[in-house]
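Below: one structure, written as structure tokens.
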Amino acid sequence: MSHQVSIAGQITPDQVPTIAENGFKTIINNRPDGEEPGQPTSADIAAAAKQAGIAYKEISFAGSELNQTHVERFAEFFNEAEQPILIFCRTGNRSSGIYEAAKQMDLLDD
844 MSHQVSIAGQ ITPDQVPTIA ENGFKTIINN RPDGEEPGQP TSADIAAAAK QAGIAYKEIS
904 FAGSELNQTH VERFAEFFNE AEQPILIFCR TGNRSSGIYE AAKQMDLLDD
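Going by this note's numbering, the final residue of the sequence shown carries number 953, and the count climbs one at a time with no gaps.
Quick look at the structure:
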């Protein structure tokens with residue numbers, strides 16, 4: 844695989860500086876706000892990413908609602924994003940799913 848990608852469960856704004864220190868250039872969030880109490884908001888993570896100099900994009904969807912539009916939006920951003928990329932959701936499962944779907948549809952540049 845030529846992509847530099849890591850997939851993680853939920854991250855918090857206070858973890859973003861460490862993510863940047865570990866060399867990540869881009870964060871993609873696949874988790875919608877409000878799935879559970881106390882969950883960090885996308886806006887808070889986006890602000891932390893901006894402060895740390897990391898690109899950020901939210902392409903969120905409920906676990907069972909992945910569709911072609913999500914995959915295409917993901918692939919479009921992914922192909923333009925600086926790597927390495929950290930993709931996250933609640934557990935990492937839906938992030939793995941959207942990444943694999945984009946690969947299987949041959950939408951990701953090598």
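Ideal placement from N, C-alpha and C gives every residue a C-beta, glycine not left out. The structure displayed is predicted, hence computed values, not measured ones.
Spatial distance of residue i from residue j (CA atoms)
| i | j | result |
| --- | --- | --- |
| R916 | A891 | 23 Å |
| I930 | N936 | 10 Å |
| F920 | A944 | 15 Å |
| H846 | A924 | 11 Å |
| S907 | A889 | 24 Å |
| Q853 | V914 | 20 Å |
| D857 | A918 | 27 Å |
| T855 | F867 | 15 Å |
| V796 | G881 | For residue 796 there is no data in the structure shown, the boundaries of the chain being 844 and 953. |
| S849 | G896 | 18 Å |
| T912 | D952 | 18 Å |
| D887 | Q947 | 32 Å |
Assigned secondary structure, residue i (DSSP; H/G/I helix, E/B strand, else coil)
| i | result |
| --- | --- |
| T855 | coil |
| M844 | With a pLDDT of 44 at M844, under the threshold of 50, the modelled position of this residue cannot be trusted, and the question is left open. |
Member of the options whose CA lies at the smallest distance from the CA of residue i
| i | options | result |
| --- | --- | --- |
| N922 | E878, Y942 and P880 | Y942 |
| F904 | S938, Q858 and V848 | S938 |
| T861 | G881, Q894, V848 and L950 | Q894 |
Same chain only: Cβ atoms within 6 Å of residue i, ignoring 5 sequence neighbours per side
| i | result |
| --- | --- |
| T869 | A898, A924, E925 and I928 |
| S885 | N872, D876 and E901 |
| L950 | A918 |
7 Å CB neighbourhood of residue i in its chain, flanking five on each side removed
| i | result |
| --- | --- |
| R933 | G852, Q853, R874 and E878 |
Cβ neighbours of residue i in the same chain (closer than 8 Å, five flanking residues each side left out)
| i | result |
| --- | --- |
| L909 | R937, G940, I941 and A944 |
What are the complete alpha helix (DSSP H) segments, minimum 4 residues, inside the stretch 873-946? 885-895 and 911-923
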